[in-house]
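Residue numbering for the sequence shown follows UniProt numbering, beginning at 1 and increasing consecutively.
Just so you know, even glycine gets a beta-carbon here, dropped at the ideal spot from N, CA and C.
Here the structure is a predicted model, which means the values were calculated and not measured.
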Amino acid sequence: MPQSLDAAHPVPPPAPAAAMLKALFRRSEIPLLISLLVVIAFFSIASDTFLTTRNIANVLGQSALAMTAGIGVAIVFISGEVDVSVGSLVAAVAIPLIVVMNATESLFLGIAAALALGLVVGAVNGYLSAYLGINSLIVTLGTLFILRGGVYLYTGQTAIPDEAMLESFFQIGNGRLLGLLPYPALIAFVLLLAFAYVMRHRPFGRQVYAVGGNPEVARLAGYSVKRVKFACFIISGLLATVAGIMLASRLGSAVHVAGLGFEFQVVAAVVLGGVSLSGGIGSLFGMALGVLILSFLSNGLGMLALATEWQLVVTGGIIIAAVAFDEFKRRRI
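Now the structure itself:
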């Protein structure tokens, strides 16, 4: 019997390099990385001062706060919940931080007080959302207003200055490694690598993805859905506290308007970074790229002297496009 043409001339398997490239482009981070490079390239051509060591370092330092808090918010989103309280928490934790440092002249005690408040807020959000079953958007929105109102009441809408003037505290938000890389950026990158490893290679990370993807299946697999979600809110509260400490160090005081609108910046970066609003999908590296895209975009538009209101319009358009793309992907799955 004569052989078929296909049998006589079998189709060769794809080359390893081509297969690797195809698999690489399936990753959601690659389009984000390309978008970031396009943004940087565009503003480098449009402005002579954009692609300078000083400006890049400044952008990395400024984006560190959103990246740090964004790690926690992304983890909460992946678990299938929402946390929009981080902006007010950033302002609130600065109060015990500065007050305790002023009274004791101890950076350790000040940071401990700030972390204690962040832990309590994260625990309250987690308990109400995970264990009592109240919608997490409503819970964290309420927390946002309670914390902001509490900050206004305590401060009398007047900044509380850092009277201890500890050099170690100043360096947290203003120091630079080798005079180049801002310490906040270094802290954010270390936290990003640590939590990315946990989310991809440790049991807790796999549980978060499972719970966010399908809580009932996760429960049948033996995972404690409530406990996992509770832990995610704790992580978000603590990481927002770290961002608040860095911001207080940079400002040198506890300011009542600190972090105003910060939650929208973080959520925008998380969604732009490919973290699904429906849970179970997304990566922390994608979130980090989303933060960098928005940070470089804002910096570049500012250098081109684009009015602030137009910058907000552009950012809002990007958020809507990212959410629409997320919904499109979810419906195709």
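Along the chain, where does the alpha helix (DSSP H) that runs through residue i open and close?
i, result
"Phe-264", "262 to 272"
"Thr-53", "53 to 78"
"Arg-202", "First-last for Arg-202: undefined, no H or E at that position."
"Thr-140", "136 to 155"
"Asn-125", "107 to 126"
"Ala-305", "Looking at the DSSP string, Ala-305 is not in any alpha helix (DSSP H), and its letter there is neither H nor E."
"Phe-170", "167 to 174"
Out of curiosity, what's the CA-to-CA distance linking residue i and residue j?
i, j, result
"Asn-125", "Ser-136", "7 Å"
"Val-76", "Thr-53", "34 Å"
"Met-20", "Pro-31", "Because the pLDDT at Met-20 is just 45, under 50, the model does not fix this residue reliably, and the point stays unresolved."
"residue 338", "Gln-62", "For residue 338 there is no data in the structure shown, the boundaries of the chain being 1 and 333."
"Ser-295", "Ala-164", "32 Å"
"Gly-70", "Ile-56", "20 Å"
"Gly-273", "Gly-282", "8 Å"
"Leu-238", "Phe-42", "36 Å"
"Pro-96", "Phe-170", "16 Å"
"Ile-234", "Leu-65", "18 Å"
"Leu-24", "Val-151", "Note on Leu-24: pLDDT 44, under 50, position unreliable in the model; no value is reported."
"Phe-204", "Gly-280", "13 Å"
"Ala-196", "Gln-207", "14 Å"
"Glu-309", "Ala-218", "44 Å"
"Arg-269", "Val-323", "In the sequence as presented, Arg is not what sits at residue 269; that position holds Ala. Roughly 11 Å between the two C-alpha positions."
"Leu-60", "Glu-105", "30 Å"
"Phe-325", "Gly-316", "14 Å"
"Tyr-223", "Tyr-131", "15 Å"
Three-state secondary structure (DSSP) at residue i?
i, result
"Leu-181", "strand"
"residue 338", "The structure shown does not extend to residue 338, since the chain is modelled only from 1 through 333, so no value can be given for it."
"Ile-95", "helix"
"Ala-7", "Note that Ala-7 has pLDDT 46, beneath the 50 cutoff, so the model's placement of it is unreliable and the number below is only indicative. The answer is helix: DSSP assigns Ala-7 an H, G or I state."
"Ser-276", "coil"
"Ile-160", "strand"
"Ala-23", "With a pLDDT of only 47 at Ala-23, under 50, the local geometry of the prediction cannot be trusted, and the value read off the model is given with reservation. Reduced to three states, the DSSP call for Ala-23 is helix."
"Ser-224", "coil"
"Ala-258", "coil"
"Ser-47", "coil"
"Ser-85", "coil"
"Ser-283", "coil"
"Ile-318", "helix"
"Gly-213", "helix"
Would you say residue i and residue j are within 8 Å of each other, going by their C-beta atoms?
i, j, result
"Val-211", "Ser-129", "no"
"Met-246", "Pro-161", "no"
"Ile-293", "Leu-36", "yes"
"Leu-153", "Leu-107", "no"
"Ser-88", "Leu-147", "yes"
"Tyr-127", "Phe-230", "yes"
"Ser-236", "Gly-72", "yes"
"Ser-85", "Val-121", "yes"
"Gly-286", "Val-271", "no"
"Leu-284", "Ala-74", "yes"
"Thr-241", "Leu-109", "no"
"Leu-178", "Ala-288", "no"
"Ala-188", "Met-101", "no"
"Val-82", "Ala-243", "no"
"Ala-248", "Ile-111", "no"
Check whether the Cβ of residue i sits closer than 7 Å to any heavy atom of the ligand SAH, and report yes or no.
i, result
"Val-99", "Among the components of this structure there are no ligands whatsoever, and the ligand SAH is therefore not found."
Quick check: the region 244 to 261 against the region 84 to 95, are there 3 or more CB pairs under 8 Å? yes
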